[in-house]
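Each remark here refers to the structure printed beneath this line.
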Amino acid sequence: MAALIIRSLSQTTRRGVQVTSVRFANKMMADPLEHATGLEKQELMAKAAGNDNPFDMRVYKRISGDQTNPTVVPSFYEKRLVGCICEEDATCINWMWLEKGDKKRCECGYWFQLADAKPMV
Ligand SMILES: [Zn+2]
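Residue numbering for the sequence shown follows the working numbering, starting at 838 and increasing by one per position.
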């Protein structure tokens, strides 16, 4: 009798969880645009419309940069924090606040100016 009980316990413990993977042939993952909300959704919609840089986060190259021809930095706001890599092999960035309407000179001698940025599509 005791052997019979032990055998039945071992049978129940052997049962494992069976997992069956189901794969739909025509639909693997949902479109990320359907799940996105807020800024992420705006970014995905702008990228779908052809704007690869909707928040204008790219790095701008300095131009000649004298006072009459400053490097123009677009901004959606009245002030923007701008970093200047003063020398090509510099290990730090020189940060400064730019305000609309004012030109500002970096320590390296280059001039910068804020301009109105185009609103996101
Ligand atoms: Zn600089």
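C-beta atoms are modelled at their ideal positions from N, C-alpha and C, and glycine is treated no differently.
Relative to the Cα of aspartate 939, the nearest Cα in the group His872, Val910 and Asp926 belongs to Val910. For asparagine 863, the shortest separation between its Cβ and any heavy atom of ligand 1 does not lie below 7 angstroms.
Within the segment 853-925, the runs of alpha helix (DSSP H) at least 4 residues long that lie entirely inside it are, in chain order, 869-872 and 875-885. Between the alpha carbons of leucine 935 and tyrosine 897 lies a gap of roughly 15 angstroms. For tryptophan 948 against glycine 920, the beta-carbon gap comes to about 15 angstroms, at or over 8 angstroms, which does not count as contact.
Within a 10 Å sphere around the beta-carbon of leucine 918 sit fewer than 16 other beta-carbons, which makes this residue exposed. For aspartate 953, the three-state secondary structure derived from DSSP is strand.
Taking the Cβ of asparagine 906 as the reference point, every heavy atom of ligand 1 lies at 7 angstroms or farther away. Take the alpha-carbon of glutamine 855 and the one of histidine 872: they are about 30 angstroms apart. In the structure shown, the three-state DSSP call for glutamate 936 is strand.
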